[in-house]
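Trainee: Heads up: the sequence shown runs through residues 1 to 1144, numbered per the working numbering. Glycine included, every Cβ here is placed at the ideal spot set by N, Cα and C. The structure under discussion is supplied below as structure tokens; questions concerning it will follow.
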Amino acid sequence: MFNYSKYTNFTWRENLKDWGHLISCGKARLSMAGSAASGLEVLLSTLQNSNDNESTLNILSVLDELLSAGTDRRIYYMISKGGSEALLRTLVSSMKRVPPNDIVLLPLMQLLAKVGHRDRKIGHKAEEAEAVHPTLSLLRCSLHDQRRATACLWVLRVFASCVSTAVLLGKEGTIELLFKLIPKYNLKQTHTIKATIDALAALLNSKTNSRHAVDRGYVTTLIKLFEDWHYTDLENQYVPLRRSLLHCLRHVTSIHAGKKALFESDGISILYHTTQDLLGKRGVELLVTSATQIMRKCYPKCPLPVPSSQSVYSFPVPGRPESSHSCDSSSHDGNLEDESDEEQLENEELDTKEEDEDLETDLRKLCIRPEPDRTRQDLKQYERFFPELQSDFKDVDRSEEASFEVKDILGDNSEKGLKHSEKHSSGTIRNNCSSHCGSSDEQVQKSKQTHRSCETTGTAVSELYQEARSFHSPHLITMRHEMLSILLERHQFSIPGHDPEIYTNFAAKTKSIAGYSLLAFPDFWGHLPLPYQQSIAERNDGVQRKKVFEDIQRLLNPGDNIDKVVFDLETPSLHYNSEDSESLCFFSRFESGNLRKAIQIRRFEYDLILNSDVNCSQHHQWFYFEVSGMKAGIPYRFNIINCEKTNSQFNYGMQPVLYSVQEALQGRPHWVREGNEVCYYKNHFSQPSSSKGGQKGVSFYTLSFTVIFPHNDDVCYLAYHYPYTYTALQTQLQLLKQSLDPEMVFFRHQTLCNTLNGNPCPVITITACPRSQNWNNVQQFRNRPYVVLTARVHPGESNASWVMKGTLEFLCSNVPAAIMLRETFIFKIIPMLNPDGVINGTHRCSLSGEDLNRQWMKPDINLSPTIYHCKGLLSYLNGIGKPPIVFCDYHGHSRKKNVFLYGCSIKETLWQSGSTASTTTVKEDPGYRTLPKILDRIAPAFAFNSCNFLVEKSRQSTARVVVWKEIGVLRSYTMESTYCGFDQGIYKGFQIGTRELEEMGAKFCQSLLVLSNNLLLHDKKLTSHIPAALDLDDPIRDQGSYSILEDDEPPCVEEIDYHSDGCSDHEWDGGDFDTEVYEAVANFSEKSKEEDDKCQQEKNGLNNSKKKMCFSSKPSQHLPAAEPSSQFASRHSFDVSSNHHYLC
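Here it is in structure tokens:
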């Protein structure tokens, strides 16, 4: 900015004192706080006490050079030393001079803008320095001085960054002044226009000012200004200015009245059509994004098109009046807008308070174990679940003792163990990891072609379709068993670990609220893992925007919408709508099914509404439904419009799963990842306040995806994740029991208790039978430590059941590691803690409407019987001196990738929370990290970097924390499995499948072998084989995760929530603002130079005239008076040296 060639090279430390000396030589008096005062403090102090322009300009030049040469850290350092206050005081004293001296005033305001917009408290400081009113007054007096008015606008914009200061300016009529200024300038003064609009945007960030602007009708003015500039700026030269207008609209529509005003002024239509003009053009992406966010935010909110937000299904809970289950009679409230829009307007400037840390910081609560909540007499009832401690094993063949050697256990040709064939080992456990990861395209295609060779021959596609449809026809329910036999006889296809006939028999005994009488074909027929892995889906640019535009078209062109209900759980007549060839048919009235309503919006687009959890009005995530009547090759768009979570892995490459009946009957019974243009974003449907604790205006989210079906008139199933029903579990347990040799494997299937709806909750015991009836062998058997595993407390986490399936099949297999585990531990497994929720298609709760994983601290035997008795079983083990050596609860995680563990640690919790409590006296066994570290080496799906061992207050009633604290289990874990896929290791870039989930269940069991080093002292030979069984030397598996803890995902490429504007995050970016000021100053300097050149030419012409005309030395009264040097200097005060990029 300044042309001081003598002082062009500066260093922060070495030159400041030299500058202070030079300034003092320039007749400026230094007032130093002390001899230790830094050079910067000397400059700031001198600046405030300087009385002459030359010294002030020298100091401003020094400060400008210092701040421009480095990073923003220098500016923040200057702020910390009182730089903002010094500039403000200097500004006030400079504005008191009459007339204002632009030589000092203009550079000073530019530097204040540069420093002030990085100072979060600049508005408060300006008020304290009494700089707000003088600046506004100077602006009013400078409307015809473009340079001074622009500088004032920059400073006011900075002041208005504090909402209280913005409100103060609004009361002084600044908004009206700025709206008068905008049309005052022409296209040659765009820098001033933009500065005006930016200052207005800063003022409108206050809801008080926004309401004032709405009342004065300025919303219509803003939208018309934006439209005019859109059609004026055909070459897109003034994109930043148009973007500033959108910032104004974004702020003013943060209140309900602003949204309404924009909608009534046809603002959505204007924004939509102008945005369509910009698509595909360069340099306008920020305009499109901002306009799209405003349209989404102003889209009128409406309730879901259902009579009530409560679940269609209700269940009479013991001890509760029936009215408490249906307290929400309406799905909407009178005011659907955000409650935050109606905040108290005057007291808007509230300091941001950090949320209370969720970590437990009370050392006493972390260390002291609570007293048992049950007496020994109460715990006696659980003796029956430990037959292994009571059996005399008279049926054990003593002749086996002599011949039972380690080589028999570890040999590949052992004839002992299992009767079942390899097909019951699930295949996933024995397959080498590298055999199905990282497959090349050629391998994938070859695998597909090979697998298609098992297609059923001699059956026409139409016959396959009829068979599939007949399976679900309500008129053929009485013929179901006969039809099943025909299907099985005709297709002769069996799936390992599954039996359709056994499944059908168990399904008949399963009790559901709705009384399900039909089976979903995938559950009946079975599923085989794909022979190849599916990659994480790539998301194309603008997918969400495209769908948002289509949603906006619904609003702008309502006549194009079909709005036809094609399925409704509450209207049975709509369950089978096969007569309408223009609509798809939907169905979800089967075990684990969840789809409440389907509405056809356009010919190939459907809005889907999920059912709430039973006795709830929330928890919408799990879906599983049948769709039929499709046309092959047509992209069908499905929108699930009542999702609740604020983000989802669907935004990061996850796809729903699809099962085709025709594919299954042709020999390819696979759940496959399917869906294009998958995105997850906030919509305009409003959640009822009753489901959000009284908070109004909270919006739902839309999961949108497009499916192209492979066959005409197929019957397909779509699900959130690979379904695993309660009946499937019963079938698996039955098949496992039938496959085992009772002389080798101790397997007991008992009923822990009955659920609220009368379904038995199974508890499984697995270990190895004693080698003989010898007393030593029996005692070794009874002294084995316990491992307790649970799963599926949350019904929607079906991935947990697939992991548990892998665990069960591995423990019952004849692989060496499984035999060693059975010889070492007794496994107590409760594979499904919430059968009722799984059966009835809920996502998180039981039939009581409660999250069972928040009931562990004080479970109610009537409301949470499975949790009550599971805790009782654990308490019994603790009471007899046999607390589990490991407890693990299997879960699914919807926001992260990979598989990981949560554990409990006192020290890590206190360290992470920053607690001042001393941990020097806390003795803690670090063994809780052993299993995660081993898993990180042997399990390709596992990521140690995602594990944490913190105890949160909000998790005090979960299984992991209660078992750790009350039962005293050091290794108490929650295992979280992703729904999506992997971003590390050899599986990186692939979505997770049932093969990987089952493998994870097996690997968890294998990791337990590391604990047996100190437990298998009776058999040194067996212990020596543990490293080989764990495959610790396998270089492929050793893919440790050593990166630091960080968020799994970066911000989504498109804004999920329309209340946040990705562009607005940079609205106050220092670099952008500095560049804007620099360009404006350069523009003004260029104009000033042109004026000077013109003046010089006129002067030269005048001198020539004097010589020719021989004028006297006395100037004529017609000639202009000589220009004062101060005025001439003021024109040069905006000069910018090409070597010094001021404020850039």
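Give the DSSP bridge partners of residue 750, in chain order.
Mentor: Position 750 of the sequence shown, counted from the start, is the residue given in the question as residue 750. According to DSSP, which records beta bridges pairwise, residue 750 is partnered with 763.
Trainee: If you measure from the CB of residue 62, is any heavy atom of the ligand COA nearer than 8 Å?
Mentor: Absent from the structure shown: the ligand COA. Ligands present: none.
Trainee: Going by other Cβ atoms of all chains shown within 10 Å of its Cβ, with 16 needed for buried, is residue 51 buried or exposed?
Mentor: The residue given as residue 51 occupies position 51 in the sequence shown. Exposed is the call here.
Trainee: Is residue 71 helix, strand or coil when you go by DSSP?
Mentor: In the sequence shown, the residue the question calls residue 71 occupies position 71. Three-state DSSP puts residue 71 in coil, outside helix and strand.
Trainee: Nearest-angstrom Cα distance between residue 487 and residue 963?
Mentor: Taking the sequence shown and counting its residues from 1, the one referred to as residue 487 is at position 487. Taking the sequence shown and counting its residues from 1, the one referred to as residue 963 is at position 963. The alpha-carbon atoms of residue 487 and residue 963 are separated by roughly 48 Å.
Trainee: I'd like the span of the beta strand (DSSP E) that includes residue 877, first residue to last.
Mentor: Taking the first residue of the sequence shown as position 1, residue 877 is located at position 877. Element bounds for residue 877: not the beta strand (DSSP E) but the alpha helix (DSSP H), 865-879.
Trainee: Measure how close the beta-carbons of residue 766 and residue 822 come, nearest whole angstrom, since I'm counting them as under 8 Å.
Mentor: In the sequence shown, the residue the question calls residue 766 occupies position 766. In the sequence shown, the residue the question calls residue 822 occupies position 822. Indeed they touch by this definition, with Cβ atoms about 7 Å apart.
Trainee: Going by other Cβ atoms of all chains shown within 10 Å of its Cβ, with 16 needed for buried, is residue 884 buried or exposed?
Mentor: Residue mapping note: residue 884 aligns to position 884 of the sequence shown, counting from 1. Buried, by the Cβ-count rule.
Trainee: According to DSSP, residue 975 sits in a beta bridge with which residue or residues?
Mentor: Residue mapping note: residue 975 aligns to position 975 of the sequence shown, counting from 1. In DSSP, residue 975 forms a bridge with 890 and 901.
Trainee: Around the C-beta of residue 612, are 16 or more other C-beta atoms found within 10 angstroms, so that it is buried, or is it exposed?
Mentor: For the purposes of this step, residue 612 is taken as residue 612 along the sequence shown, with counting starting at 1. Residue 612 comes out buried.
Trainee: Measure the CB-CB distance between residue 788 and residue 827 and report whether it falls below 9 Å.
Mentor: Locating residue 788 in the sequence shown gives position 788, counting from the first residue. Locating residue 827 in the sequence shown gives position 827, counting from the first residue. It is a contact, given that the beta carbons lie within the stated cut-off.
Trainee: Which same chain residues, not among the five before or five after residue 233, have their C-beta less than 7 Å away from its C-beta?
Mentor: The residue you call residue 233 lines up with position 233 of the sequence shown. Answer for residue 233: 242, listed in chain order.
Trainee: What would DSSP say about residue 684, mapped onto helix, strand or coil?
Mentor: Against the sequence shown, residue 684 aligns to sequence position 684. The answer is strand: DSSP assigns residue 684 an E or B state.
Trainee: Can you tell me the Cβ-Cβ gap for residue 893 and residue 801, rounded? I've got them flagged as a contact below 8 Å.
Mentor: Numbered from 1 along the sequence shown, position 893 holds the residue referred to as residue 893. Numbered from 1 along the sequence shown, position 801 holds the residue referred to as residue 801. Going by Cβ atoms, the distance from residue 893 to residue 801 rounds to 15 Å, so no, they are not a contact pair.
Trainee: Does the beta-carbon distance from residue 723 to residue 798 come in below 9 Å?
Mentor: Within the sequence shown, the letter at position 723 stands for residue 723. Within the sequence shown, the letter at position 798 stands for residue 798. Yes, the pair counts as a contact, with Cβ atoms nearer than the cut-off.
Trainee: Relative to the alpha-carbon of residue 255, which residue among 129, 229, 300 and 273 has its alpha-carbon at the smallest distance?
Mentor: Position 255 of the sequence shown, counted from the start, is the residue given in the question as residue 255. Nearest option by C-alpha distance: 300.
Trainee: What three-state label does DSSP hand residue 204 in the structure shown?
Mentor: As a first step, residue 204 must be located in the sequence shown, where it is residue number 204. Three-state result, residue 204: helix.
Trainee: Apply the 10 Å Cβ neighbour rule to residue 980 and answer buried if 16 or more other Cβ atoms are within range, or exposed otherwise.
Mentor: Here residue 980 refers to the residue found at position 980 when the sequence shown is read from its first residue. Classification of residue 980: buried, given that the 10 Å Cβ count is 16 or more.
Trainee: Determine the DSSP secondary structure at residue 1128, reduced to helix, strand or coil.
Mentor: Residue mapping note: residue 1128 aligns to position 1128 of the sequence shown, counting from 1. Here the model assigns residue 1128 a pLDDT of 30, short of 50, so the residue's position is not dependable and the matter cannot be decided.
Trainee: Measuring CA to CA, which of 973, 99, 670 and 553 is closest to residue 268?
Mentor: Working through the sequence shown from its first residue, we reach residue 268 at position 268. Selected option, being the one with the closest Cα: 553.
Trainee: Taking residue 505 as part of the alpha helix (DSSP H), name the residues at either end of that continuous run.
Mentor: Along the sequence shown, one-based indexing puts residue 505 at 505. Counting along the chain, the alpha helix (DSSP H) containing residue 505 begins and ends at 500-509.
Trainee: Using only the alpha-carbon positions, how far apart do residue 794 and residue 834 sit?
Mentor: Along the sequence shown, one-based indexing puts residue 794 at 794. Along the sequence shown, one-based indexing puts residue 834 at 834. The straight-line gap from Cα to Cα measures roughly 7 Å.
Trainee: What does the Cβ neighbour count give for residue 689, buried or exposed, with the cut at 16 atoms within 10 Å?
Mentor: In the sequence shown, counting from the first residue as 1, residue 689 sits at position 689. With 16 or more other Cβ atoms within 10 Å, it is buried.
Trainee: Secondary structure at residue 952, three-state DSSP: helix, strand or coil?
Mentor: Sequence index remark: in the sequence shown, residue 952 carries index 952 (1-based). It is a strand residue.
Trainee: Could you tell me the distance, in whole angstroms, from the CA atom of residue 878 to the CA atom of residue 971?
Mentor: For the purposes of this step, residue 878 is taken as residue 878 along the sequence shown, with counting starting at 1. For the purposes of this step, residue 971 is taken as residue 971 along the sequence shown, with counting starting at 1. Answer to the nearest angstrom: the Cα atoms are 14 Å apart.
Trainee: In chain order, what residues of the same chain have a beta carbon less than 6 Å from the beta carbon of residue 888, not counting five sequence neighbours either side?
Mentor: Indexing the sequence shown from 1 puts residue 888 at position 888. Excluding residues within five positions, the ones whose Cβ falls inside 6 Å are 789, 973 and 975.
Trainee: Is the beta carbon of residue 199 sitting closer than 9 Å to the one on residue 151?
Mentor: On the sequence shown, position 199 is the one that residue 199 refers to. On the sequence shown, position 151 is the one that residue 151 refers to. Cβ distance not < 9 Å, so residue 199 and residue 151 don't count as in contact.
Trainee: According to the neighbour-count rule (16 or more other Cβ atoms, all chains shown, within 10 Å of its Cβ), is residue 191 buried or exposed?
Mentor: In the sequence shown, residue 191 corresponds to position 191, counting from 1. Answer is buried; the Cβ neighbour count reaches 16.
Trainee: Going by C-alpha distance, which of 115, 172 and 164 is nearest residue 135?
Mentor: As a first step, residue 135 is located in the sequence shown; it is residue number 135 there, counting from the start. Minimum Cα distance to residue 135 is reached at 172.
Trainee: Once you ignore the five residues that flank residue 600 on each side, which residues in its own chain have a CB closer than 6 Å to its CB?
Mentor: Start at 1 with the first residue of the sequence shown, and residue 600 comes out as number 600. Taken in chain order, the residues that qualify are 562, 564, 566, 583 and 606.
Trainee: Could you give the first and the last residue of the continuous alpha helix (DSSP H) run that contains residue 121?
Mentor: What you label residue 121 is simply residue 121 of the sequence shown in a count that begins at 1. It is not in any alpha helix (DSSP H) - residue 121 carries neither H nor E in the DSSP assignment.
Trainee: Is the beta carbon of residue 48 less than 9 Å from the beta carbon of residue 97?
Mentor: The residue labelled residue 48 in the question sits at position 48 within the sequence shown. The residue labelled residue 97 in the question sits at position 97 within the sequence shown. No; because the gap between Cβ atoms is not below 9 Å, this pair is not in contact.
Trainee: Is the distance from the Cβ of residue 226 to the Cβ of residue 203 below 9 Å?
Mentor: Along the sequence shown, read from residue 1 onward, the residue named residue 226 stands at position 226. Along the sequence shown, read from residue 1 onward, the residue named residue 203 stands at position 203. It is not a contact, given that the beta carbons lie outside the stated cut-off.
Trainee: Can you tell me the Cα-Cα spacing of residue 220 and residue 270, whole angstroms?
Mentor: Indexing the sequence shown from 1 puts residue 220 at position 220. Indexing the sequence shown from 1 puts residue 270 at position 270. Rounded to the nearest angstrom, the two C-alpha atoms are 11 Å apart.
Trainee: Going straight from the alpha carbon of residue 228 to that of residue 158, what length do you get?
Mentor: The count along the sequence shown starts at 1 and reaches residue 228 at position 228. The count along the sequence shown starts at 1 and reaches residue 158 at position 158. Distance between the alpha carbons of residue 228 and residue 158: 27 Å.
Trainee: Would residue 895 and residue 645 be called neighbours here (beta carbons separated by less than 9 Å)?
Mentor: Counting from one through the sequence shown, the residue named residue 895 turns up at place 895. Counting from one through the sequence shown, the residue named residue 645 turns up at place 645. Yes, Cβ-Cβ distance for residue 895 and residue 645 is below 9 Å.
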